[in-house]
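Worksheet: the structure to be examined is printed underneath.
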Amino acid sequence: MSTTNNFSEISQSAETTSETEFSGISELQLQAWELLEFTNVREQLANRTRFLMSREMALDTRPTVDIEVVERLQNETAQAALMLETVGDIGLVGARDPRELLHRSAIDGMLTGEEIVSVLHLLDSIWVARNTVVSMKGRASLLETIAADIPDLRGLCKEIFKSVSDRGEVLSSATPKLARLRANVSKTFQRVMRAMERLAKSSSIRASLQSGAIATRGERLVLEVRADARESVPGIVHDVSGSGATLFVEPFKAVELCNDWRETAAEAQREEERILRRISRIIGDRKDEAIIAIEAAAELDFITARARLSASMKARRIETMPAGSDNVANLVDARHPLLGSDAVPITINIGPGFRGLVITGPNTGGKTVAIKTIGLFALMHQSGMQVPVSDGELAIFDAVYADIGDSQSIERSVSTFSSHMGRVIEILLEATPNSLILLDELGTGTDPEEGSALARAVLSHAAENDMPIAITSHYRTVAEFAAESEDFANASVELDPDTMRPTYQVLMGIPGRSYAIHVARHLGMPSHVLDHAQSMMDPSRAEAETILQQLQRERAEASRMLAEAEQAKIEAETARKDLQYKLKNVTRAQEDMVEKSRMELKRETEKIQQSLRKIVTKAKNDNDLEVAKRAIGRVRNQFSDP
34 MSTTNNFSEI SQSAETTSET EFSGISELQL QAWELLEFTN VREQLANRTR FLMSREMALD
94 TRPTVDIEVV ERLQNETAQA ALMLETVGDI GLVGARDPRE LLHRSAIDGM LTGEEIVSVL
154 HLLDSIWVAR NTVVSMKGRA SLLETIAADI PDLRGLCKEI FKSVSDRGEV LSSATPKLAR
214 LRANVSKTFQ RVMRAMERLA KSSSIRASLQ SGAIATRGER LVLEVRADAR ESVPGIVHDV
274 SGSGATLFVE PFKAVELCND WRETAAEAQR EEERILRRIS RIIGDRKDEA IIAIEAAAEL
334 DFITARARLS ASMKARRIET MPAGSDNVAN LVDARHPLLG SDAVPITINI GPGFRGLVIT
394 GPNTGGKTVA IKTIGLFALM HQSGMQVPVS DGELAIFDAV YADIGDSQSI ERSVSTFSSH
454 MGRVIEILLE ATPNSLILLD ELGTGTDPEE GSALARAVLS HAAENDMPIA ITSHYRTVAE
514 FAAESEDFAN ASVELDPDTM RPTYQVLMGI PGRSYAIHVA RHLGMPSHVL DHAQSMMDPS
574 RAEAETILQQ LQRERAEASR MLAEAEQAKI EAETARKDLQ YKLKNVTRAQ EDMVEKSRME
634 LKRETEKIQQ SLRKIVTKAK NDNDLEVAKR AIGRVRNQFS DP
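For what it's worth, our numbering labels the leading residue of the sequence shown as 34, then goes sequentially.
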């Protein structure tokens, strides 16, 4: 697969990789991933995987710049989403990576019964997952291709489960020798227990015991003897109670019997270990096949995790545009995926016809969230994830760069302005015409005139080098610059004019208002102070503010009318469906009436035929035609009466 010099290919490796080790990805890009919260999205993706290998793949996922790879990844996610909707989840289980166990078994290492069972249960669940995918019958061809490579290891599992239980215990039926040894262990144990019980009940010892219970210490059976009666019970002291009042003594009379029991138990344990080694070798011989199955299952789980994440975010697939496309970004009803139900849908676009966007407006109005949404969606989209929109398009970017938030460097003892400007300089030097640049509050933190000039100069540089860029700003002169240039478009966020609370909506094509005087009035500033402030404003600026206010009102009215039209459309559709339902019920009622009449007619006809048969039979028997005619007349009159 081909890549550019920035984003690396998406990793399918199950090895954990720290972000500073991502080959081909600069420190600036990694910083952007953090600023845009791509790391948090990857964590959410990882939380939707089912076992360790696919979790590591999710944490290691990264964007690719190859449009064919992006489309393949998006196809995989879409097919997995269809599978979840139609046949359900693949149902993989497995909390640990079993590859270490498989490698150990391949070099004559002995696995425990629990380890063997954990491998077998995983292989079983992989086969179930494989069958789930295959049941799509061509509707998930990419996933089915992966599933088709999973070897059939059911015979291996079936054979091994003849020797071990679901809990990992070696079954007595594993070998005749183990069955015999375990029977002997039981016999020798019962023998020594009976001997110990007799001793505990004997008159010479009973008075010296704390209790008549038989205890165990170090796999030896012992009596609980009072410390002051030690000489009364000759034997081996295996333990002493914490208080020192009780000695745990194995009587000499039971030592030989206990030895027989422990020797038989040790021989049975050696046979169990021999069986476990044999099973481990069998698994080791199929190691390569098992690893193929596990890695294929991890890939399926990773892909399905993307679909699970899509379902939780109510995300959908968007169209992929080639790098350098005139339509840089077009997102309709985009919701920031980490804001959950608090996210206000925004519609925002860069292009066609312009490659730069300037968003202005009040603080806390949603400017930063807007540009973060564009950048995060780009990273998610190129990593094969769907994004929460009603519709959209995104171009392929070779890198996403961002300078967002207060990143003052305490270590370098530089100001907030210097810190931001240093990063902006690095971004401009590294970015290409296929990169996406996102700059928050560009030029803030210094003299407004100089800050505005720097912001406009950065925008000019981006336009001259054909670099897609979106910035937020407080400077009216920056918005005016964007309005006068064909390379840029304005957008804004707004406050509700009545409550002065942010609406978090993005208004494309309209520069932002300052709202300073309106907020001051809302907070209770004396009117004479506000009048004085307005009198000191540049008349042209006041006129522009009035125009923007009028535009905002007109847009609010248009939005209200659109909402009413949408509601009317919904109500009309509801009425149409209701009418269809009623017509359907009327038609069904008519059909029921016709059927009822038909059945009634059938019953009446059968009655007539039955009466006629009786008359004919009687006439034949009586040989009286006149009687038959009169009887037929009565029948006719009976069934012709209304």
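Even glycine gets a Cβ: it sits at the ideal position worked out from N, Cα and C.
Requested in this report: State buried or exposed for Ala403, treating a residue as buried only when at least 16 other CB atoms are found within 10 Å of its CB.
Outcome: Position 370 of the sequence shown holds residue 403. Ala403 comes out buried.
Requested in this report: Assign Val511 to one of three DSSP states: helix, strand, or coil.
Outcome: Reading the sequence shown from its first residue, position 478 is the one you call residue 511. DSSP places Val511 in helix when its eight states are reduced to three.
Query raised in the report: I think Ser518 touches Pro544, with their Cβ atoms under 8 Å apart; what is that distance to the nearest whole Å?
Result: Counted from its first residue, the sequence shown places residue 518 at position 485. Counted from its first residue, the sequence shown places residue 544 at position 511. That pair is no contact at about 13 Å.
Query raised in the report: With a CB to CB cut of under 6 Å and the five nearest residues on each side skipped, what residues in its chain are close to Asp130?
Result: On the sequence shown, residue 130 is found 97 positions in, with the first residue counted as 1. Result list for Asp130: Leu85, Met86, in chain order.
Query raised in the report: Contact check, Leu63 vs Ala326 under 8 Å by CB: the rounded distance?
Result: As a working mapping, residue 63 is identified with position 30 in the sequence shown. As a working mapping, residue 326 is identified with position 293 in the sequence shown. Not confirmed; about 34 Å, so no contact.
Query raised in the report: Around the Cβ of Ala464, are there at least 16 other Cβ atoms within 10 angstroms (buried) or fewer (exposed)?
Result: Residue mapping note: residue 464 aligns to position 431 of the sequence shown, counting from 1. The residue in question, Ala464, is buried, as its Cβ has 16 or more Cβ neighbours within 10 Å.
Query raised in the report: Ordered along the chain, which non-local residues of its own chain (more than five positions away) have a Cβ less than 8 Å from that of Met226?
Result: Taking the first residue of the sequence shown as position 1, residue 226 is located at position 193. So the qualifying residues of the chain are Ile247, Leu254.
Requested in this report: Report the residue from Glu177, Gln613, Gly438 whose alpha carbon sits nearest the alpha carbon of Glu109.
Outcome: Position 76 of the sequence shown holds residue 109. Among Glu177, Gln613, Gly438, the Cα nearest to that of Glu109 belongs to Glu177.
Report task. Note down the Cα distance separating Met500 from Asp99, rounded to an integer number of angstroms. Result -> Numbered from 1 along the sequence shown, position 467 holds the residue referred to as residue 500. Numbered from 1 along the sequence shown, position 66 holds the residue referred to as residue 99. In a straight line, the C-alpha of Met500 is about 19 Å away from that of Asp99.
**Report entry** Reduced DSSP category for His271 - H, G, I as helix; E, B as strand; rest coil
**Finding:** Counting from 1 along the sequence shown, the entry for residue 271 is found at position 238. In this structure, His271 counts as strand in the three-state DSSP scheme.
Query raised in the report: Measuring CA to CA, which of Ala207, Leu461, Gly438 is closest to Glu70?
Result: Translated into positions along the sequence shown, residue 70 becomes position 37. Of the listed residues, the one whose Cα sits closest to Glu70 is Gly438.
Requested in this report: Using three-state DSSP, classify Leu256 as helix, strand or coil.
Outcome: As a working note, residue 256 is residue 223 in the sequence shown. Strand, per DSSP.
Query raised in the report: Hey, which unbroken runs of the beta strand (DSSP E) at 3 residues or more fall wholly within the segment 359–416?
Result: 362–367, 379–383, 389–393
Query raised in the report: What are the boundary residues of the beta strand (DSSP E) that includes Pro544?
Result: Counting from 1 along the sequence shown, the entry for residue 544 is found at position 511. Note, Pro544: premise wrong, no beta strand (DSSP E); not H, not E.
Query raised in the report: Is the CB-CB distance between Pro370 and Ala348 below 9 Å?
Result: Position 337 of the sequence shown, counted from the start, is the residue given in the question as residue 370. Position 315 of the sequence shown, counted from the start, is the residue given in the question as residue 348. The answer is yes: Cβ separation under 9 Å.
Query raised in the report: Below 9 Å between beta carbons: does that hold for Val218 and Leu309?
Result: Working through the sequence shown from its first residue, we reach residue 218 at position 185. Working through the sequence shown from its first residue, we reach residue 309 at position 276. Cβ distance not < 9 Å, so Val218 and Leu309 don't count as in contact.
**Report entry** Asn523, enclosing beta strand (DSSP E) - first and last residue
**Finding:** As a first step, residue 523 is located in the sequence shown; it is residue number 490 there, counting from the start. Taken as a continuous stretch (DSSP letters only), the beta strand (DSSP E) holding Asn523 covers 521–528.
Query - Status (buried if at least 16 other CB within 10 Å, exposed otherwise) for Pro535 - result: As a position in the sequence shown, residue 535 is number 502, starting the count at 1. Its Cβ being crowded by 16 or more others within 10 Å, Pro535 is buried.
Query raised in the report: Where does Arg263 fall in DSSP's three states?
Result: Translated into positions along the sequence shown, residue 263 becomes position 230. Reduced to three states, the DSSP call for Arg263 is helix.
Requested in this report: Name the residue from Thr119, Val361, Thr165, Val150 whose alpha carbon lies nearest to the alpha carbon of Leu134.
Outcome: Against the sequence shown, residue 134 aligns to sequence position 101. Nearest of Thr119, Val361, Thr165, Val150 to Leu134, Cα basis: Val150.
Query raised in the report: Are the segment 383–394 and the segment 74–85 in contact at 8 Å, needing three or more beta carbon pairs?
Result: no
Query raised in the report: Nearest to Val102 by alpha carbon, out of Thr510, Asp611, Ser416, Pro559?
Result: Taking the sequence shown and counting its residues from 1, one reaches residue 102 at position 69. If we check each option's Cα against that of Val102, Ser416 comes out closest.
Query raised in the report: Which value, in whole angstroms, describes the spacing of the CA atoms of Asn382 and Glu104?
Result: By one-based count along the sequence shown, residue 382 stands at place 349. By one-based count along the sequence shown, residue 104 stands at place 71. Rounded to whole angstroms, Asn382 to Glu104 spans 21 Å at the Cα level.
**Report entry** First and last residue of the uninterrupted beta strand (DSSP E) at Leu469
**Finding:** Residue numbering aside, residue 469 sits at position 436 when the sequence shown is read from its first letter. From DSSP, the beta strand (DSSP E) with Leu469 extends over 468–472.
**Report entry** CA-to-CA distance, Ile312 to Val197, given in whole angstroms
**Finding:** Walking along the sequence shown from the start, residue 197 turns up at place 164. Walking along the sequence shown from the start, residue 312 turns up at place 279. Between Val197 and Ile312, the C-alpha separation is close to 9 Å.
Query raised in the report: Using the beta-carbon count (16 or more within 10 Å), is Pro421 buried or exposed?
Result: By one-based count along the sequence shown, residue 421 stands at place 388. Pro421 is buried by the Cβ-count criterion.
Query raised in the report: If we ignore side chains and look at the alpha-carbon of each, how far apart do Thr72 and Leu92 end up?
Result: For this step, residue 72 is matched to residue 39 along the sequence shown. For this step, residue 92 is matched to residue 59 along the sequence shown. Distance between the alpha carbons of Thr72 and Leu92 is about 8 Å.
Query - C-beta atoms of Asp293 and Thr249 nearer than 9 Å - result: As a working note, residue 293 is residue 260 in the sequence shown. As a working note, residue 249 is residue 216 in the sequence shown. Not a contact, by the Cβ cut-off of 9 Å.
Report task. Please name the residue, chosen from Ile603, Gly275, Val258, that lies closest to Ile269 on a Cα-to-Cα basis. Result -> Within the sequence shown, residue 269 is the residue found at index 236, counting from 1. Answer by Cα proximity: Val258.
Requested in this report: List the DSSP bridge partners of Ala464.
Outcome: For the purposes of this step, residue 464 is taken as residue 431 along the sequence shown, with counting starting at 1. Bridge partners of Ala464: none, in fact.
Report task. Give the range of the alpha helix (DSSP H) segment to which Gly188 is assigned. Result -> On the sequence shown, position 155 is the one that residue 188 refers to. Unbroken alpha helix (DSSP H) run through Gly188: 187–193.
Query raised in the report: For Lys617, is the classification buried or exposed, using 16 other Cβ atoms within 10 angstroms of its Cβ as the cut-off for buried?
Result: Here residue 617 corresponds to residue number 584 of the sequence shown, with the count starting at 1. That one is exposed.
**Report entry** Touching by the beta-carbon criterion (3+ pairs, under 8 Å), the segment 448–457 and the segment 476–489
**Finding:** yes
Report task. Could you check which residue in Lys210, Arg215, Val266 has the C-alpha nearest to that of Leu232? Result -> Residue 232 sits at position 199 when you count from the first residue of the sequence shown. The candidate whose alpha carbon is nearest that of Leu232 is Val266.
Query raised in the report: At what residues does the alpha helix (DSSP H) containing Phe676 begin and finish?
Result: There is no way to answer for residue 676, as the model of the chain reaches only from 34 to 675.
Query raised in the report: Among residues of its own chain, excluding the 5 on either side of Arg319, which ones have a beta-carbon nearer than 6 Å to its beta-carbon?
Result: Residue mapping note: residue 319 aligns to position 286 of the sequence shown, counting from 1. The answer, listed in chain order, is Leu189.
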